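Following the working numbering, the numbering of the sequence shown begins with 939 at its first residue and continues without gaps. Glycine residues also receive a C-beta, built at the ideal position from the N, C-alpha and C atoms. It should be emphasised that the depicted structure is a prediction, and the values quoted were computed from it without experimental measurement.
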Amino acid sequence: MSAQRGRGGHGGCTDPAPNAGDPKWFVISSLRRAAKGGEEKVNAFQLGVRRVLVRIACAGLAAVLVAGAAYGAGTAGPLVVGIVAPFTGADAQLGPAYFAACLPATRIINNSGGILGRQVTCKQFDTRGEPADAVPAARQMVASTPTLFMVIGCTSDEASSVMPILEQSHVPTFCQTGQSEFNQSNFKYFHRLVPADEYDAYAMVGIAVFLKHYKRIALVFGNDIGSQTFVAPAIRSIKKVGAEMVINQAIDLKQSSYRTEVAKLLAAKPDVILTEALGPADATYLSEVKQLNNGMIPVIGSSATIDPVWFKAVSAAIGVDDLVKYFIANDTPSTFSGTGYDEFKTNLLASAAEFANAPKYTKRASTIHLYDGIIMTALAATAAKSTDRTAVNPWIFKIGNGSPSARVVATYEQGLAALKVGSAMRYDGAGGPTHFDKWNNSNNGFVVVRYNANGDEETVGSLTNAQITQLSAP
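Given below as structure tokens:
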């Protein structure tokens, strides 16, 4: 819905005169013709139906007006950060990681006086990882949350479906989608602090070929939208560097066993498995690889596999020692140190009373980057001197990228102090610096990581820009 239509008049919500060109009138007149000797009853029925239809139309218009008026995030009450993500379904492990980003951010903001004096809270909106569920969830959020301030989450499962709704409603959004359609999109309210999945796929292939020198590569990805976005770029880059894709499997995340698929994989004799199959799928699949192969095969995961839920499931399935020995993944760079990170970690740990698993996400890249997105947007509102989302949105780019002479700030309080004295700033937060391009995408490259026995992430290498360019070039 456009802003102009959202501010329009009510359009005359009174009982209308009959209109022969109106489909509703056709239904009513047909009923009249069907009636025999009951003209008065049909007339009464006609009037009643018209009134019901008008009331329904007016109710719909009222909902539109409410959504249109919500650009200012209301005038009273706590501002809401909506987490639009899977909290149930096959990708249910993603939602909690994003919720964990919101808690320390709102804790810090509220302890610093809020946003222009208003407190901030987090609210979950479950998409179940399905576009069919995501659309009504997003619409319900916009219609029922008059103090909506911003949104985080929106994974590859649902971003294509919900982003048009959020754009039309002028909601600043930080998405975790890796879909390439957002590399150069027209969405002004879309922001992304993680690489596109195609670059995630290039990084996985780069680890396999450049760092580990594997030649025979198996692709085992979930059949969900998000996981399948890796496959085409992986196939292209494998061919480009002269390696061989020996098998490509899209596995059903809801299966209880993959023995048939695993037998086909083993017959293809891969040197390594590239994978992202969330929920219990990877755990079950890799357990059966170990059983049928009488031992593990090296595995390279996407950045989404660096997650405490994934670690717990897979380590239980194949054993911690084998997971540490045979598994590596790519991730976005983070030093896990510095003023910005320390503040994030301290407040994440302090959020355990609200979310018991919060401390498990201290080194989860998506948690860190979405936290930074919330802090940036809060500072943008202060800079704009408004919680009107249309006023806030342009400032996010300015706060993230800054200027050559801008003051570098790592925390919300440092940002408030800079704004108080009228200083331009550049936010370099928990996840490091931001480099938005003109489509609001920021990419800081890739590192190679593994788990230690405690499930903590350890950096063991990196890929150069030249290597990624070689894999991604047309």
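Per DSSP, cross-strand counterpart(s) of residue i
| i | result |
| --- | --- |
| threonine 1397 | Val1387 |
| isoleucine 1021 | Gln1062 and Ile1090 |
| glutamine 1193 | Looking at the DSSP assignment, glutamine 1193 forms no beta bridge with any residue, so it has no partner. |
| aspartate 1269 | Val1385 |
| alanine 1188 | Phe1159 |
| phenylalanine 1128 | Thr1111 |
| methionine 1363 | Arg1345 |
Rounded Cβ spacing between residue i and residue j (contact assumed at less than 8 angstroms)
| i | j | result |
| --- | --- | --- |
| serine 1388 | methionine 1363 | The sequence given here has arginine at residue 1388, not serine. Their Cβ separation, rounded to whole angstroms, is 36 angstroms, which puts arginine 1388 and methionine 1363 out of contact at 8 angstroms. |
| alanine 1316 | isoleucine 1053 | 5 angstroms |
| threonine 1111 | histidine 1129 | 7 angstroms |
| arginine 1056 | threonine 1328 | Not quite, the Cβ-Cβ distance comes to about 17 angstroms (not below 8 angstroms), so this is no contact. |
| aspartate 1310 | alanine 1368 | 6 angstroms |
| threonine 1026 | arginine 1066 | 5 angstroms |
| glycine 1417 | glutamate 1214 | Not covered by the structure: residue 1417. The range shown for the chain is 939 to 1412. |
| alanine 1242 | threonine 1270 | About 11 angstroms separates the two Cβ atoms, so there is no contact after all. |
| aspartate 896 | aspartate 1162 | Any answer about residue 896 is impossible in this case: the structure gives the chain only from 939 up to 1412. |
| leucine 1212 | alanine 1172 | 6 angstroms |
| leucine 1104 | threonine 1372 | Actually they are not in contact, since the Cβ atoms of leucine 1104 and threonine 1372 sit about 20 angstroms apart, beyond 8 angstroms. |
| serine 1272 | isoleucine 1306 | 6 angstroms |
| serine 1118 | alanine 1134 | 5 angstroms |
| leucine 1409 | serine 1175 | 4 angstroms |
| aspartate 1280 | valine 1252 | Going by Cβ atoms, the distance from aspartate 1280 to valine 1252 rounds to 30 angstroms, so no, they are not a contact pair. |
Own chain residues within Cβ distance below 7 angstroms of residue i, not counting five before or after
| i | result |
| --- | --- |
| serine 967 | Note that serine 967 has pLDDT 37, beneath the 50 cutoff, so the model's placement of it is unreliable and the number below is only indicative. Nothing listed; no residue qualifies. |
| valine 1247 | Gln1031 |
| isoleucine 1334 | Pro1110, His1129, Met1314, Thr1315 and Ala1318 |
| alanine 1000 | Low per-residue confidence applies at alanine 1000: pLDDT is 42, beneath 50, and the placement is therefore not dependable enough to give any value. |
| aspartate 960 | A caution first: aspartate 960 carries a pLDDT of 40, below 50, which makes its placement in the model unreliable, though a value can still be read off. Same-chain partners within the cutoff: there are none. |
| leucine 1423 | In the structure as shown, the chain starts at 939 and stops at 1412, and residue 1423 therefore has no counterpart that could be examined. |
| lysine 1153 | Ala1181, Glu1182 and Asp1209 |
| alanine 1322 | Ala1329, Val1330 and Trp1333 |
| isoleucine 1047 | Ile1053, Val1058, Ala1316 and Tyr1350 |
| phenylalanine 1282 | Pro1042, Ile1306, Tyr1309 and Ala1368 |
| aspartate 1190 | Asn1161 |
Contacts around residue i, its chain only, beta-carbon distance under 8 angstroms, and the 5 residues preceding and following it disregarded
| i | result |
| --- | --- |
| isoleucine 1406 | Tyr1137, Tyr1140, Ala1141, Gly1144, Gly1383 and Phe1384 |
| threonine 1059 | Pro1016, Leu1017, Val1018, Val1019 and Thr1044 |
| serine 1289 | Ala1038, Leu1041, Pro1042, Arg1045 and Ala1296 |
| threonine 1222 | Gln1193, Ser1194, Ser1195, Tyr1196 and Ala1255 |
Spatial neighbours of residue i in its chain, beta-carbon cut-off 6 angstroms, leaving aside the 5 residues before and after
| i | result |
| --- | --- |
| lysine 974 | Model confidence at lysine 974 stands at a pLDDT of 38, short of 50, so the residue's coordinates are unreliable; what they give is reported in the following sentence. So the list is empty, once near-sequence residues are dropped. |
| asparagine 1231 | Leu1204 |
| alanine 1356 | Arg1345, Val1347 and Met1363 |
Closest Cα partner of residue i within the set the options
| i | options | result |
| --- | --- | --- |
| glycine 1091 | Tyr1196, Pro1024, Val1080 and Ile1211 | Pro1024 |
| phenylalanine 1249 | Ile1312, Lys1228, Pro1236 and Glu1395 | Glu1395 |
| threonine 1300 | Ala1156, Pro1016, Ile1266 and Tyr1036 | Tyr1036 |
| serine 1050 | Tyr1365, Thr1397 and Gly1353 | Gly1353 |
| serine 1107 | Ser1118, Pro1084 and Asp1095 | Pro1084 |
| valine 1089 | Phe1168, Thr1284, Leu1308 and Pro1208 | Leu1308 |
| serine 1195 | Lys1207, Pro1218 and Ile1173 | Pro1218 |
| aspartate 1375 | Thr1402, Gly1338 and Phe1168 | Gly1338 |
| proline 1236 | Gly1276, Lys1207 and Ala1251 | Lys1207 |
| tyrosine 1350 | Asp1366, Ser1341, Lys1336 and Val1359 | Asp1366 |
| alanine 1201 | Lys1178, Lys1228 and Asp1190 | Lys1228 |
| valine 1100 | Gln1078, Ser1118 and Ser1082 | Gln1078 |
| glycine 1393 | Ser1343, Tyr1127, Asp1260 and Leu1287 | Asp1260 |
| valine 1258 | Lys1283, Gly1278, Leu1224 and Glu1281 | Leu1224 |
| tyrosine 1127 | Gly1164, Phe1087 and Pro1034 | Phe1087 |
| proline 1034 | Ser1361, Ser1082 and Glu1292 | Glu1292 |
| valine 1262 | Met1234, Thr1277, Thr1167 and Phe1274 | Met1234 |
| proline 1412 | Asp1064, Asp1095 and Lys1177 | Lys1177 |
Any chain C beta carbon closer than 7 angstroms to residue i
| i | result |
| --- | --- |
| alanine 1206 | Of the protein chains in this structure there is only one, and it is not chain C. |
Cβ-heavy atom distance, residue i to the ligand NAP, below 6 angstroms
| i | result |
| --- | --- |
| glutamate 1396 | Annotation note on the ligand NAP: not contained in the displayed structure, which lists no ligands. |
Query raised in the report: Does the stretch 1177–1186 come close enough to the stretch 1150–1158 that 3 or more CB-CB pairs lie under 8 angstroms?
Result: Cβ pair count under 8 angstroms is three or more, so yes.
Report task. For the stretch 1115–1126 and the stretch 1373–1382, state whether three or more C-beta atom pairs, one from each stretch, are separated by less than 8 angstroms. Result -> By the C-beta criterion, the stretch 1115–1126 is judged to be in contact with the stretch 1373–1382, since at least 3 inter-stretch pairs fall below 8 angstroms.
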